[in-house]
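Presented below is the structure to which this report refers.
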Amino acid sequence: MTAPISFTGLATGIDTDAVIQSLLDVQRRPIKRLQGKSEVLALKREALRDVNNQLLNLQNEALTLRLESTFSSRTTSSSDESKLQATATFSAVKTNHRVKITQLAQEAIVNSHRYLSQARVLGTNTVGINILGGTSRTNAPGAGRIKGGVVLEPTDTLGSLGLA
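For the sequence shown, the numbering used here gives the first residue as 792, with consecutive numbering after it.
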């Protein structure tokens with residue numbers, strides 16, 4: 792089979808294919824114009840979204856400027872954080888300190904000697920307690936309280952306190 796042969800404009804001398812194509816192009820112009828406007832609007836919308844995000848970021852940064860802590864914060868540093876750490880409040884004075892570490896702290900050690908019998912009533916004796924080299928406390932009247940809430944009653948014994 793062979794394809795049909797056509798001669799456009801043979802009888803009139805007018806190129807009908809070109810005329811039809813031109814008419815279709817004229818009809819497509821509004822569609823192409825709207826597509827172009829749609830692309831421009833999409834670009835504008837994207838640009839406005841970017842501006843909106845930047846304004847939101849600016850607003851958040853401006854809010855931090857209203858906080859007192861933004862301007863009054865203090866920092867501390869140490870050349871060896873494993874040996875010395877420090878904190879500072881906003882009311883701390885700006886200054887530098889040098890700390891020389893000669894010995895690291897050890898865990899608490901309790902030393903005790905048995906000077907009294909475990910059955911003897913403490914109220915009849917004066918028992919001194921020295922906590923970490925601080926002020927000695929005794930069970931004398933009015934001096935029975937030790938920092939931390941320990942109370943020695945006149946009838947307590949070393950055995951009743953679990954110390955013997």
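For glycine and all other residues, C-beta sits at the position ideal for the given N, C-alpha and C.
{"Asked": "C-alpha gap between Thr878 and Thr886, whole angstroms", "Found": "13 Å"}
{"Asked": "Validate contact between the region 820 to 833 and the region 851 to 858 using beta carbons, cut 8 Å, 3 pairs", "Found": "no"}
{"Asked": "Closest Cα partner of His888 within the set Thr807, Leu815 and Ser869", "Found": "Ser869"}
{"Asked": "For Thr886, three-class secondary structure by DSSP", "Found": "coil"}
{"Asked": "Coil, strand or helix - Thr866 by DSSP", "Found": "coil"}
{"Asked": "Thr861, DSSP secondary structure in three states", "Found": "helix"}
{"Asked": "Residue nearest to Ser882 in terms of C-alpha spacing, selected from Ser864, Leu875, Asp808 and Gln818", "Found": "Ser864"}
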